[in-house]
Amino acid sequence: MTAPEPPLIRPAVPADMEAVASLYAHYVLHTVVTFDETAPPVAYWHERLADLTGRGLPFLVAEVAGRVAGYAYASPWRPKPAYRHSVENSVHLAPEATGRGLGTLLMRPLIAACAEAGAHQMIAVVADSGTAASQALHRRLGFTEAGRLRAVGHKHGRRLDTVLLQLTLTEGSVPAP
6 MTAPEPPLIR PAVPADMEAV ASLYAHYVLH TVVTFDETAP PVAYWHERLA
56 DLTGRGLPFL VAEVAGRVAG YAYASPWRPK PAYRHSVENS VHLAPEATGR
106 GLGTLLMRPL IAACAEAGAH QMIAVVADSG TAASQALHRR LGFTEAGRLR
156 AVGHKHGRRL DTVLLQLTLT EGSVPAP
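In our numbering, the protein residues as written are 6 to 182.
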């Protein structure tokens, strides 16, 4: 018996966007981890990829056995110029790919690429949905809680908090394994 092929973490390409859209749609439709209530179409993801890469920001995918099993990207934190050195991260995994360390494998190079691109702060906005996986991932990577916004979301009949987590970046920084 041969060992399973290790995940390949690589920059996303347009051909990945259908898989990304499908993966995200699962979270939109079946969970409260995103506050989107309608899944964006594939065209949205093509525009997102072009916009982020055009800004020099990373959009990565995790490929397992030739299929996209997760993605992570960084986007501007806010549009005002004074926020230009702060980014917000987003990371989602296929439901069957969770719990295998794939989030960490995606986030480490994402953090490093953002630092190399000149970002100083990375912010995670995590829905406090009763599952601790996303907060635990970010905390393992050195993020600390910066605040909580109470009952700011309402989805699937629930009022939800968001937790703000923050990581200070330095050029060349990569969280320790």
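A virtual CB, placed ideally from N, CA and C, is assigned to each residue, including glycine.
Compare the beta carbon distance of L170 and H143 with 7 Å and say whether it is the shorter of the two. yes
Can you confirm whether V92, when its beta carbon is compared against all beta carbons of chain B, has any partner nearer than 7 Å? In the structure shown, chain B does not exist; there is a single protein chain.
Beta-ladder partner(s) of L13, from DSSP: E68
Close-in-space but distant-in-sequence residues of the same chain around E68 (CB under 6 Å, 5 per side omitted): L13
Between the segment 34-42 and the segment 154-163, are three or more C-beta pairs nearer than 8 Å? yes
Do M127 and L174 count as a contact pair if the criterion is CB distance below 7 Å? yes
Local conformation of E93 per DSSP, three classes: strand
Could you give the residue range of the beta strand (DSSP E) that holds G158? T149 to K160
Opening and closing residue of the alpha helix (DSSP H) in which R83 lies: Careful: R83 lies outside any alpha helix (DSSP H) and carries neither H nor E.
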